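**Q** Quick one: structure below, then a few questions.
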DNA sequence: CCATATACCTAACTTAGGTCAGGTATTTTG
DNA sequence: CAAAATACCTGACCTAAGTTAGGTATATGG
C-alpha cells in the first residue's frame with residue numbers, strides 16, 4: 001500500500017511536470033494560455049459567452065477582457081443573441097478560424113509524437129484512457145441521446161464487438177431481439193449516453209413496451225471507464241426516468257458470460273425471474289418493481 | 001489513427017484539468033504553489049540552493065525571493081556552505097518541518113483517495129506507471145549505485161520475481177551464478193540503476209573478471225518503463241563505462257524465455273558465441289569486442 | 001408596469017510568477 | 001596574484017490571471 005501511494009505520487013509529479021509542456025504548445029503561438037483556451041473552446045462549438053465561462057471556469061469580468069482582447073486582434077466577433085438580447089454569441093473571424101486550425105494541428109502533432117515514441121501504442125492508449133477516465137471520474141456526464149445518433153452508434157458498435165468476443169459462440173445482432181430505436185425515445189423510453197470529455201464511454205437503453213412495463217437494454221461501459229461505478233449511475237438514471245414515465249415494472253435479460261452485470265443487478269434490488277422472451281443470447285432474466 | 005489522436009488529446013485535457021486540483025492541494029495551505037514546492041523539495045533532501053533551482057526549474061532571482069519569503073515566515077534557514085563559501089545550504093526549521101509533514105499527509109491522502117475510488121487499483125496503478133514513464137521519458141536518469149543498496153535490491157527482487165514467472169521451471173537465485181556484489185563495484189565493474197523521478201525502473205550490472213574481460217548481468221527494465229528504449233540506454237552506458245575501465249571483451253548469457261533481450265543484443269553489435277559458463281538458466285551466449 | 005433578476009461590460013486593484021540589470025563575496029584560472 | 005568565473009542577492013519592472021465594485025441594457029414575475 002505504501003508502494004502504491006508512492007506510485008500515485010510519482011504519477012502526479014510526472015503529470016504536473018508534463019502539463020507545463022502541454023501548456024507551452026499553446027504559448028508557442030505567442031498568446032497567453034487563457035486566450036488560447038478561449039479560441040479553442042469557440043472553435044469546438046462553444047459560442048455562448050455563458051457556456052464559454054462555464055466551460056473554462058472563468059469569471060465574467062475576466063471573460064469579457066479576454067474576448068475584448070481577441071476582438072482587438074481581429075480573431076473573434078461578438079453579436080447580440082437573437083433569443084435574448086442580454087446574451088452574446090461569439091464566433092471566430094476568418095483570421096480566428098485560421099488560428100484555431102493552427103492550434104488543432106499543434107495539438108495533433110503533439111499527440112502523435114507522444115504515441116510515436118512508444119513501442120506498443122495500443123497499450124499506452126489503453127493506459128491513458130483509463131487514467132483519463134479516473135481523473136475525469138467526476139466529470140462523466142450522462143445525457144439523453146438519439147439512439148440512432150453517432151454517439152449511440154459508437155457505443156453500440158463497441159458493445160456488439162465486445163459481446164462477440166465474450167460470448168462462447170460469438171454474437172450476431174440480427175439474431176438478437178434488437179430493440180427498435182423508436183421504443184427507446186420519449187415518451188415510450190429513452191437512450192442514455194455517458195461521456196467523459198465528449199468521448200462516449202457508456203450507454204443504456206430504456207425500451208418502453210406499453211402497459212407500464214419497460215426493458216433495460218444495451219447496458220455498456222467502455223473498458224477504460226470500468227471500475228468507477230458508471231454502470232450503477234447509468235442504471236440509476238434509467239430507473240429515475242422510468243419512474244418519470246410512469247413505468248411500474250422493469251425487466252432485463254442477460255447472459256452468464258457477463259457475470260459483473262448479474263452481480264450489479266443482484267446488488268441493486270433486481271429479482272431473478274423466469275424467461276420472458278426467446279432471445280437466444282439470454283439465459284438470465286430479472287425484474288424490478290418501481 | 002485519428003481515434004488514437006483523439007484519445008491522447010482527451011488524456012491531455014483530463015490531465016490539465018486535474019492538475020488544477022492537484023495544485024490546489026498545495027494552495028489549500030494558504031501558500032502559493034512556488035513556495036509550497038520549495039518546502040517539499042527541501043523536505044525531500046534537496047538542500048543546496050543550486051540543486052533546488054535546477055530541480056524546480058526556477059531562475060536565481062526568483063529562488064532568492066522565495067527563500068527570503070520562507071525565511072521571513074520562519075520556515076527555513078540558510079547557512080553558508082562549508083565546502084564553498086559562495087554556496088548556501090537551506091534547511092527546514094521546526095515549523096518548516098511541520099509544514100512539510102502536513103504537505104506529505106495531504107499528498108498521501110489525495111493519492112489514497114484516487115486509488116480508493118477504483119475497483120481494480122492494481123490495473124490503475126500499472127496504467128499510471130506506464131503513463132508516468134512515457135511522460136517522464138526524457139527525465140529517466142541512469143546513475144551508478146551500490147549493488148547492495150536499496151535501489152539495487154528493489155530492482156533485483158523485481159528481476160528475480162519476473163524470471164521465476166517467465167522461466168518454464170521457475171528461477172532460484174541460489175542455483176544461478178549470482179554475481180558477487182564486489183565484482184560490480186569500481187574499479188572492477190559497476191552497477192547502474194535507472195530512475196524515473198526517484199523510482200527505480202531499471203538496472204544493469206557490469207561484473208569485472210580481470211584480464212580485460214567483463215560480463216553484463218542483471219539487465220532489467222520495469223514493465224511500466226518498457227517501450228521507451230531504456231534497455232538500450234542502460235546497455236550503452238554500461239559499455240561506455242567498460243571502455244573507461246579498459247575492458248576489451250564483454251560477455252553475457254541469456255535465456256530463450258527472454259526473446260526481446262536476445263533481439264536487442266543482435267541489433268547492437270553482439271555476436272553469439274559458445275557456452276562459456278555452466279549457469280543452468282543460460283542457453284544463449286554473446287560477446288562484444290570493444 | 002415596476003421591482004427584481006439576469007447577462008454582460010468596464011475600471012481599478014491584487015497576487016503569483018518571471019525577467020533584467022547590476023552588486024557582493026568567493027573561488028578558480030592563466 | 002590579478003582577471004575571470006561562479007553563486008547568490010537585491011531592486012525595478014513586466015505579464016497573466018483573478019477579484020471587487022459598480023454600471024448598462026434587457027428580461028421576467030407578481
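Protein chains in written order, with UniProt numbering: chain A, 1 to 290; chain B, 1 to 290.
Where a beta carbon is used, it is the ideal one built from N, C-alpha and C, also for glycine.
Computed from a predicted structure; not experimentally measured.
Pull up the DSSP beta-bridge partners for residue 248 of chain A, would you.
**A** The residue labelled residue 248 of chain A in the question sits at position 248 within the first chain. Note: residue 248 of chain A sits in no beta bridge, so no partner.
**Q** Can you list, in chain order, the residues of its chain with a C-beta nearer than 7 Å to that of residue 276 of chain A? Leave out the 5 residues immediately preceding and following it.
**A** For the purposes of this step, residue 276 of chain A is taken as residue 276 along the first chain, with counting starting at 1. Taken in chain order, the residues that qualify are 251 and 285.
**Q** Give a yes or no on contact between the region 53-73 of chain B and the region 29-39 of chain B, applying the rule of three or more CB pairs nearer than 8 Å.
**A** The region 53-73 of chain B is in contact with the region 29-39 of chain B.
**Q** Restricting to runs no shorter than 3 residues, where is the beta strand (DSSP E) found entirely within the UniProt domain "N-acetyltransferase" (140-290) of chain A?
**A** You should have 140-144, 190-196, 199-210, 213-221, 249-254, 271-273 and 284-289.
**Q** For the candidate residues A:204, A:109 and A:209, whose alpha-carbon lies nearest to that of residue 247 of chain A?
**A** For the purposes of this step, residue 247 of chain A is taken as residue 247 along the first chain, with counting starting at 1. The residue with the shortest Cα to Cα distance from residue 247 of chain A is A:209.
**Q** Output yes or no for whether 9 Å exceeds the beta carbon distance between residue 218 of chain A and residue 154 of chain A.
**A** Against the first chain, residue 218 of chain A aligns to sequence position 218. Against the first chain, residue 154 of chain A aligns to sequence position 154. The answer is no: Cβ separation not under 9 Å.
**Q** Quick check on DSSP: helix, strand or coil for residue 92 of chain A?
**A** Stepping through the first chain from its first residue, residue 92 of chain A is reached at position 92. Three-state result, residue 92 of chain A: strand.
**Q** Considering only C-alpha positions, which residue in the set B:91, B:263 and B:54 is nearest to residue 70 of chain B?
**A** Here residue 70 of chain B is taken as the residue at index 70 of the second chain, counted from 1. Residue 70 of chain B has its Cα closest to that of B:91, out of B:91, B:263 and B:54.
**Q** Can you list the residues of chain A that residue 187 of chain B reaches, using a CB-CB cut of under 7 Å?
**A** Your numbering for residue 187 of chain B matches position 187 in the second chain. None at all; the shortest Cβ gap to chain A is about 34 Å.
**Q** Can you find a C-beta in chain B that's less than 9 Å from the C-beta of residue 110 of chain A?
**A** The residue you call residue 110 of chain A lines up with position 110 of the first chain. Yes, residue 110 of chain A counts as interfacial toward chain B.
**Q** Taking C-beta pairs closer than 7 Å, name the residues in chain B that residue 118 of chain A reaches, listed in chain order.
**A** Here the question's residue 118 of chain A lines up with position 118 in the first chain. Within chain B, the residues near residue 118 of chain A are 134, 227 and 228.
**Q** Does the separation of the CB atoms of residue 260 of chain A and residue 231 of chain A fall below 9 Å?
**A** The count along the first chain starts at 1 and reaches residue 260 of chain A at position 260. The count along the first chain starts at 1 and reaches residue 231 of chain A at position 231. Their beta carbons are under 9 Å apart, which means residue 260 of chain A touches residue 231 of chain A by this criterion.
**Q** Between B:80, B:33, B:72 and B:120, which has its C-alpha nearest residue 223 of chain A's C-alpha?
**A** Reading the first chain from its first residue, position 223 is the one you call residue 223 of chain A. Nearest option by C-alpha distance: B:120.
**Q** Restricting to Cα atoms, I'd like to know which of A:239, A:169, A:50 and A:195 is closest to residue 281 of chain A.
**A** Position 281 of the first chain, counting from 1, holds the residue named residue 281 of chain A. Closest option to residue 281 of chain A, Cα to Cα, is A:169.
**Q** By the DSSP assignment, the alpha helix (DSSP H) with residue 60 of chain B in it spans what residues?
**A** Here residue 60 of chain B refers to the residue found at position 60 of the second chain. 60-72 is the span of the alpha helix (DSSP H), which, as asked, contains residue 60 of chain B.
**Q** Leaving out five residues before and five after residue 124 of chain B in sequence, what residues of the same chain have Cβ atoms less than 6 Å from its Cβ?
**A** What you label residue 124 of chain B is simply residue 124 of the second chain in a count that begins at 1. The answer, listed in chain order, is 118.
**Q** Is DSSP giving residue 82 of chain A helix, strand or coil here?
**A** Working through the first chain from its first residue, we reach residue 82 of chain A at position 82. Here residue 82 of chain A sits in coil by DSSP.
**Q** How many angstroms separate the CA atom of residue 101 of chain B from the CA atom of residue 51 of chain B?
**A** Taking the first residue of the second chain as position 1, residue 101 of chain B is located at position 101. Taking the first residue of the second chain as position 1, residue 51 of chain B is located at position 51. Cα to Cα, the separation comes out at about 21 Å.
**Q** Out of A:77, A:267, A:240 and A:4, point me to the one whose CA is closest to residue 114 of chain B's CA.
**A** In the second chain, counting from the first residue as 1, residue 114 of chain B sits at position 114. Considering only alpha carbons, the answer is A:4.
**Q** Can you pull the chain B neighbours of residue 124 of chain A, defined as C-beta to C-beta under 7 Å?
**A** On the first chain, position 124 is the one that residue 124 of chain A refers to. Result: 130 and 134.
**Q** Name the residues in the region 70-103 of chain B whose C-beta lies less than 8 Å from a C-beta of chain A; which are they?
**A** Those residues of the region 70-103 of chain B that come within reach of chain A (Cβ to Cβ, closer than 8 Å) do not exist; the list is empty.
**Q** Would residue 203 of chain A and residue 190 of chain A qualify as a contact pair, given that the criterion is a beta-carbon distance under 9 Å?
**A** What you label residue 203 of chain A is simply residue 203 of the first chain in a count that begins at 1. What you label residue 190 of chain A is simply residue 190 of the first chain in a count that begins at 1. For residue 203 of chain A and residue 190 of chain A, no; Cβs fall outside 9 Å.
**Q** For residue 76 of chain B, list the residues DSSP reports as bridge partners.
**A** Here residue 76 of chain B is taken as the residue at index 76 of the second chain, counted from 1. Answer is B:92, bridged to residue 76 of chain B.
**Q** Between residue 267 of chain A and chain B, is the shortest Cβ-Cβ distance under 9 Å, so that the two count as touching?
**A** Here residue 267 of chain A refers to the residue found at position 267 when the first chain is read from its first residue. Closer than 9 Å: no.
**Q** May I have the straight-line CA-CA distance separating residue 84 of chain B from residue 165 of chain B, to the nearest angstrom?
**A** Sequence index remark: in the second chain, residue 84 of chain B carries index 84 (1-based). Sequence index remark: in the second chain, residue 165 of chain B carries index 165 (1-based). Distance between the alpha carbons of residue 84 of chain B and residue 165 of chain B is about 51 Å.
**Q** Would you give the residue range spanned by the alpha helix (DSSP H) that residue 34 of chain A belongs to?
**A** Taking the first chain and counting its residues from 1, one reaches residue 34 of chain A at position 34. Run containing residue 34 of chain A: 33-43, per the alpha helix (DSSP H) assignment.
**Q** For a quick check, are the C-beta atoms of residue 29 of chain A and residue 106 of chain A less than 9 Å apart?
**A** On the first chain, position 29 is the one that residue 29 of chain A refers to. On the first chain, position 106 is the one that residue 106 of chain A refers to. A contact, by the Cβ cut-off of 9 Å.
**Q** From B:45, B:87, B:13 and B:186, pick the residue whose C-alpha is nearest to that of residue 64 of chain B; which is it?
**A** Residue 64 of chain B sits at position 64 when you count from the first residue of the second chain. When only C-alpha atoms are compared, the closest one is B:87.
**Q** Only counting the same chain, and skipping five residues up and downstream in sequence, which positions put a Cβ closer than 6 Å to that of residue 287 of chain A?
**A** Here residue 287 of chain A refers to the residue found at position 287 of the first chain. Same-chain partners within the cutoff: 251, 271 and 273.
**Q** Since residue 242 of chain A contacts residue 206 of chain A with CB under 8 Å, what's their CB separation in whole angstroms?
**A** Looking up residue 242 of chain A in the first chain gives position 242. Looking up residue 206 of chain A in the first chain gives position 206. With a Cβ gap of about 6 Å, residue 242 of chain A and residue 206 of chain A count as contacting.
**Q** Measuring CA to CA, which of A:11, A:201, A:240 and A:54 is closest to residue 112 of chain B?
**A** As a position in the second chain, residue 112 of chain B is number 112, starting the count at 1. Residue A:11 is the option with its Cα nearest to residue 112 of chain B.
**Q** So which residues of chain B does residue 262 of chain A contact, with C-beta pairs closer than 8 Å?
**A** In the first chain, residue 262 of chain A corresponds to position 262, counting from 1. Result: empty, since nearest Cβ-Cβ is about 16 Å, beyond 8 Å.
**Q** Return the first residue and the last residue of the alpha helix (DSSP H) that residue 129 of chain B is part of.
**A** One-based indexing of the second chain puts residue 129 of chain B at position 129. It spans 121-135 - the alpha helix (DSSP H) in which residue 129 of chain B sits, taken as one unbroken run.
**Q** Between the alpha carbons of residue 151 of chain B and residue 198 of chain B, how many angstroms are there, rounded?
**A** Walking along the second chain from the start, residue 151 of chain B turns up at place 151. Walking along the second chain from the start, residue 198 of chain B turns up at place 198. When rounded, the distance between both Cα atoms is 9 Å.
**Q** Along the chain, where does the alpha helix (DSSP H) that runs through residue 53 of chain A open and close?
**A** Taking the first chain and counting its residues from 1, one reaches residue 53 of chain A at position 53. Segment 49-56, the alpha helix (DSSP H) holding residue 53 of chain A.
**Q** Give me the Cβ distance between residue 133 of chain B and residue 228 of chain B, rounded to the nearest whole Å; I'm assuming they're in contact under 8 Å.
**A** Sequence index remark: in the second chain, residue 133 of chain B carries index 133 (1-based). Sequence index remark: in the second chain, residue 228 of chain B carries index 228 (1-based). 6 Å between Cβ atoms; contact.
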